[in-house]
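Residue numbers (my numbering), protein chains in the order written: chain A, 66 to 527; chain B, 66 to 527. Ideal placement from N, C-alpha and C gives every residue a C-beta, glycine not left out. Each remark here refers to the structure printed beneath this line.
2 protein chains.
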Amino acid sequence: MLGVMEEREFDVIVIGAGPAGEVCAGRLAERELEVALVEQHLVGGECSFYACMPSKALLRPGELLAEVARVPGARETVSGELDAQVVLRRRDEVIHGRDDSGQLPWLEERGIELFRGQAAFEAERSVRVGSELMRARRAVVVATGTAAAIPPIDGLGEARPWTNREATTAAEVPERLLVLGGGVVGVELAQAWSSLGSSVTVVEAEERILFNEEPFASAEISAGLDRAGVELRTGARAAGASRGEGGRVSLELEGGERLRGDELLVAVGRRPRTEELFLERAGAEAGAAGYLEVDDQLRVGGSDWLYAIGDVNGRSLLTHMGKYQARIAADHILGEDVTATGDKGGSPRVVFTDPQLAAVGLTLAKAQEQGIEARAVDVSTAGNAGASFHGRDMPGTSRIVVDEQRHVIVGASFVGPEVAESLHAATIAVVAEVPLERLWHAVPAFPTRNEVWLKLLETYGL
Amino acid sequence: MLGVMEEREFDVIVIGAGPAGEVCAGRLAERELEVALVEQHLVGGECSFYACMPSKALLRPGELLAEVARVPGARETVSGELDAQVVLRRRDEVIHGRDDSGQLPWLEERGIELFRGQAAFEAERSVRVGSELMRARRAVVVATGTAAAIPPIDGLGEARPWTNREATTAAEVPERLLVLGGGVVGVELAQAWSSLGSSVTVVEAEERILFNEEPFASAEISAGLDRAGVELRTGARAAGASRGEGGRVSLELEGGERLRGDELLVAVGRRPRTEELFLERAGAEAGAAGYLEVDDQLRVGGSDWLYAIGDVNGRSLLTHMGKYQARIAADHILGEDVTATGDKGGSPRVVFTDPQLAAVGLTLAKAQEQGIEARAVDVSTAGNAGASFHGRDMPGTSRIVVDEQRHVIVGASFVGPEVAESLHAATIAVVAEVPLERLWHAVPAFPTRNEVWLKLLETYGL
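Written as structure tokens, this is what we have:
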């Protein structure tokens, strides 16, 4: 370390300018704190450039045309196929050609100072970025996120697989796409590229895709992918991978079968970006699988100055929950008495396939694991008048999981076309622990698909 | 009255087989009561054949194509215009060609006995339908609904105007359609027929359409109708109407201007269907404007046997609220201790235009009228990441009205494309009186348009 290096002081140093880091920095700066924000790649983060945003841009046109095909009077107006080049151009607009300059005025307006480069702790409260050394008066917030995990499969690294980054930004539609992993990233991108013309095969080691969700959700989204022409290989484990002379990839399954494709997307999980932070110099250490374990104020290991928010703490790998944690951490740094409760018992989550899954709280299995006297109530998502106009005739189940002792909903899952916007009703019911007897008086409007709530509560016995 | 007429006994007689009557009869029959259901026209009622259902069928294709036009990649696939004949055929499917036989098995399965004809009270608990005389052991439930009101405008009756019945079931698209009344029925049907090719002019006496809603909702839906080519004449009063030799109608405005059209839809309000019931023989009388006033158990004038549910009690002229009242009344007849609270302070309601209005509870003005220390918080409905994919670039405002003393939301209005499904979150928040501080922990999923909730609460100051 250079002895003459000037150490600059800030109230708070936020490391990582993804959604969580940006929200935290912004909230602190709006309350007049001096904030430094460090980013080694793009301001806006994985979500804006390589995940939610481009993925949704790729999915939306196909989703919409699937709905058009279900509506007589509208479907007759469609003559063409989805134009993949137009969709890819729109995706490029959404990610601003991977140029983050559009994000900078927002920082400037708030007086947030941006440092570009890799951050490394020098000591407690002390962070270096290249030649800059800075010190935090109040707090350092780690918000470095996660990257795609590459599993130790023979030859996989050398086969130059796609991660979410390549799969969301590719300039051409691969003729054949192999997807390793049937979680959210795998199934959304399988749906997206399939809608753009790829022949897609998903390989999932578990017996069903979306293994953490309700079994009916796995089955119904599998059926949707099947209708879209996506091949699903569940209970199939990859044993090796290679890229041949012609540039094509080959994925070998246990048992010896070989699948071939033009590209191979690896979507089997995430790893936290903590390696280069030199956390040990801050007196901290990463926990299981490298995640920074935090308490309900987002503090790392009981520290009074070190916070971790977003993916990097492993609590809930979702943009909206990272932003939520950012608000809680910022308020705590500002001296408020706050506790993160909104991610207990299962964060709200949407899988943007066709049909979609929108879920919050616990699945039936997880509620039972937790010892809750849980009862599941299931109805057809399309079993109401609203569904004769929207998402018509598309199979899908809606479930609430009721805690029979407390008479509140502890989980809800909706499968159907474009059910994402219906989720927040369930999120409020779960998080606010609204008693069923009170929910009964919240009347869903006719003829909207919200009447699924009426059917659920009637079926429960109200 | 014939002395030898046999009087049949039922536990409950329900007069009117619209949504409210059907739900009430069904709920009672499922609890083993003997139920008679009387209907003078179609089982399923105004809603199924002449209102919500055909109206939504007419609106949905146009709404969907408007959304397609906002989504690059999808819009390029559309080459044709909306095919009005296909839409009208689909509408005919939705209303089953005005044949109610599809509704009968549902009644039969529940052992509900259907009497077709006009019901008239003979005495307390005693009802005649044609030659049948029946007596109710427990209760009579009046659920006869409303019909279009025809205002006393010179020549209007003779001009053979459309009501909602003709406007939802017409077999041809009128070249020019005049709409008298800019309430929900008027604006929805203006939007629908305009999307099918009509030139539509709406005449509204008030200074704005949707006069009971937030002023921004009126303005934004006016702008949407304007973009769709609908002409709005607000602050314009009709002075006379006539139908000429060629079958065309003429509407004269105060001031002398004449508007001409092929059809004239009158949508200036409703009147309760109570005239032929001979309520006085039941010891009851209709209240203001003919509506049957009820208490929170839906009993008429403190009676222990006479109930009125749905439109006919004037409490809330909405199908879903009629069905809600039906459940409450049925439960009360079954001896349960229930109170209708879900329609206090403004029922949930949706106007299915493009953009839509989805609202619940009080507007700011109504909250202030009630003496509530009310604060309105406004954000752009499109001001979130989800709106870059859905309802993109479409102007619209979202508002919550906060009771500053109780820290709860007493009203919410959302204007935007397809916001109907977002309403139930607000309905739960309002009806369950969830404190703002608790709502703050209900995290909207990214990137959905539910994030409008985040913006609303941030703007409030959370």
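Which chain A residues sit within Cβ distance under 9 Å of residue i?
i: cysteine 528 (chain B); result: Since the first residue shown for chain B is 66 and the last is 527, residue 528 (chain B) is missing from the structure and cannot be characterised.
List, in order along the chain, the chain A residues whose C-beta lies closer than 8 Å to that of residue i?
i: arginine 96 (chain B); result: By Cβ distance, chain A contributes nothing, its closest Cβ being about 12 Å from arginine 96 (chain B), past 8 Å.
i: serine 445 (chain B); result: Those within 8 Å of serine 445 (chain B) in chain A number zero; the least Cβ separation is about 16 Å.
i: alanine 201 (chain B); result: Within 8 Å Cβ-Cβ: nothing; alanine 201 (chain B) doesn't reach chain A, min ~25 Å.
Rounded to a whole number of angstroms, what is the C-alpha to C-alpha distance between residue i and residue j?
i: leucine 290 (chain A); j: alanine 391 (chain B); result: 41 Å
i: valine 249 (chain B); j: proline 280 (chain B); result: 14 Å
i: alanine 373 (chain A); j: alanine 90 (chain A); result: 13 Å
i: valine 207 (chain B); j: valine 496 (chain B); result: 27 Å
i: glycine 81 (chain A); j: tryptophan 505 (chain A); result: 44 Å
i: threonine 142 (chain B); j: leucine 130 (chain B); result: 11 Å
i: glycine 138 (chain B); j: arginine 156 (chain A); result: 10 Å
i: glutamate 97 (chain A); j: leucine 519 (chain B); result: 21 Å
i: glutamate 340 (chain B); j: proline 226 (chain B); result: 22 Å
i: arginine 292 (chain B); j: glycine 83 (chain B); result: 35 Å
i: leucine 330 (chain B); j: glutamate 253 (chain B); result: 12 Å
i: alanine 424 (chain B); j: glycine 182 (chain A); result: 48 Å
i: glutamate 132 (chain B); j: glycine 481 (chain A); result: 19 Å
i: histidine 472 (chain A); j: isoleucine 177 (chain A); result: 46 Å
i: methionine 66 (chain A); j: tryptophan 370 (chain A); result: Residue confidence is low: methionine 66 (chain A) scores 47 on pLDDT, short of 50, so the model does not pin down where it sits. Its coordinate-derived value is still stated next. Roughly 23 Å separates the two Cα atoms.
i: leucine 318 (chain A); j: alanine 303 (chain A); result: 4 Å
i: arginine 200 (chain A); j: serine 412 (chain A); result: 34 Å
Along chain B, which residues have their Cβ under 8 Å away from the Cβ of residue i?
i: glycine 426 (chain A); result: Chain B residues near glycine 426 (chain A): none, gap ~11 Å exceeds 8 Å.
i: valine 454 (chain A); result: Here residue 454 (chain A) is phenylalanine; the residue named in the question, valine, does not match the sequence. By Cβ distance, chain B contributes Lys121, Ala122 and Arg125.
From the beta carbon of residue i, is the nearest beta carbon of chain B less than 8 Å away?
i: threonine 32 (chain A); result: Residue 32 (chain A) lies beyond the residue range present for chain A, which begins at 66 and ends at 527; the question has no answer from this structure.
i: tyrosine 525 (chain A); result: no
i: glutamate 114 (chain A); result: Reading the sequence as shown, one finds phenylalanine at residue 114 (chain A) and not glutamate. Cβ-Cβ to chain B under 8 Å: no for phenylalanine 114 (chain A).
i: alanine 293 (chain A); result: no
i: valine 250 (chain A); result: no
i: glutamate 132 (chain A); result: yes
i: methionine 66 (chain A); result: In this prediction, methionine 66 (chain A) has a pLDDT of 47, which is less than 50 and means its spatial position is unreliable; nothing more can be read from the coordinates.
i: glycine 407 (chain A); result: yes
i: threonine 384 (chain A); result: yes
Let me see if you follow: with CB-CB separation under 8 Å, is residue i close to chain A or not?
i: proline 137 (chain B); result: yes
i: proline 280 (chain B); result: no
i: leucine 521 (chain B); result: no
i: valine 499 (chain B); result: yes
i: aspartate 361 (chain B); result: no
i: glutamate 401 (chain B); result: no
i: alanine 430 (chain B); result: no
i: leucine 147 (chain B); result: yes
Go ahead and pull the three-state DSSP assignment for residue i.
i: glycine 451 (chain B); result: helix
i: leucine 519 (chain A); result: helix
i: methionine 66 (chain B); result: Confidence at methionine 66 (chain B) is low in this model, with a pLDDT of 47, below 50, so its placement is unreliable and the value that follows should be read with caution. In this structure, methionine 66 (chain B) counts as coil in the three-state DSSP scheme.
i: glutamate 434 (chain A); result: helix
i: arginine 175 (chain A); result: coil
i: phenylalanine 543 (chain B); result: Any property of residue 543 (chain B) remains undetermined from this structure, which presents chain B solely from 66 to 527.
i: threonine 266 (chain B); result: strand
i: serine 445 (chain B); result: strand
i: aspartate 360 (chain A); result: coil
i: arginine 346 (chain A); result: helix
i: proline 216 (chain B); result: coil
i: methionine 459 (chain B); result: coil
Residues of chain B with CB closer than 7 Å to the CB of residue i, please, in chain order.
i: arginine 163 (chain A); result: Chain B residues near arginine 163 (chain A): none, gap ~17 Å exceeds 7 Å.
i: aspartate 468 (chain A); result: Near aspartate 468 (chain A) there are no residues of chain B at all, since even the closest Cβ is about 16 Å away, more than 7 Å.
i: methionine 459 (chain A); result: Residues of chain B passing the Cβ test: none, with the nearest at roughly 14 Å.
i: histidine 506 (chain A); result: Thr406, Gly407 and Val496
Given 7 Å as the limit, tell me if residue i has its C-beta closer than that to any heavy atom belonging to the ligand ATP.
i: leucine 422 (chain B); result: What this structure holds is no ligand at all, so the ligand ATP is not there to describe.
Who are the neighbours of residue i on chain A, taking C-beta pairs under 7 Å?
i: tryptophan 518 (chain B); result: His489
i: arginine 155 (chain B); result: Pro137 and Gly138
**Request:** With a floor of 3 residues, list each beta strand (DSSP E) that falls wholly inside the stretch 298 to 334 of chain B, ordered by position along the chain.
**Result:** Counting only unbroken stretches of 3 or more residues, the beta strand (DSSP E) elements lying wholly within the stretch 298 to 334 of chain B are 303 to 308, 314 to 318, 323 to 326 and 328 to 331, in sequence order.
**Asked** In chain order, which continuous runs of the alpha helix (DSSP H) of length 4 or greater are located wholly inside the stretch 461 to 514 of chain A?
**Response** Within the stretch 461 to 514 of chain A, the complete alpha helix (DSSP H) runs of at least 4 residues are 488 to 496 and 501 to 504.
**Asked** Could you give the uninterrupted runs of the alpha helix (DSSP H) lying entirely in the stretch 83 to 117 of chain A, keeping only those of 4 residues or more?
**Response** If one requires a minimum length of 4 residues, the alpha helix (DSSP H) runs lying completely within the stretch 83 to 117 of chain A are 84 to 95 and 110 to 115, in chain order.
**Every unbroken beta strand (DSSP E) inside the stretch 124 to 166 of chain B [3 residues or more]** = You should have found no qualifying run.
**Within the stretch 228 to 263 of chain A, ranges of the beta strand (DSSP E) (whole runs, at least 3 residues)** = Here the runs fully enclosed are 241 to 245.
**Message:** Runs of 3 residues minimum, wholly inside the stretch 391 to 434 of chain A: which ones carry the beta strand (DSSP E) assignment?
**Reply:** Contiguous beta strand (DSSP E) elements confined to the stretch 391 to 434 of chain A occur at 414 to 416 and 421 to 426, taking only those with 3 or more residues.
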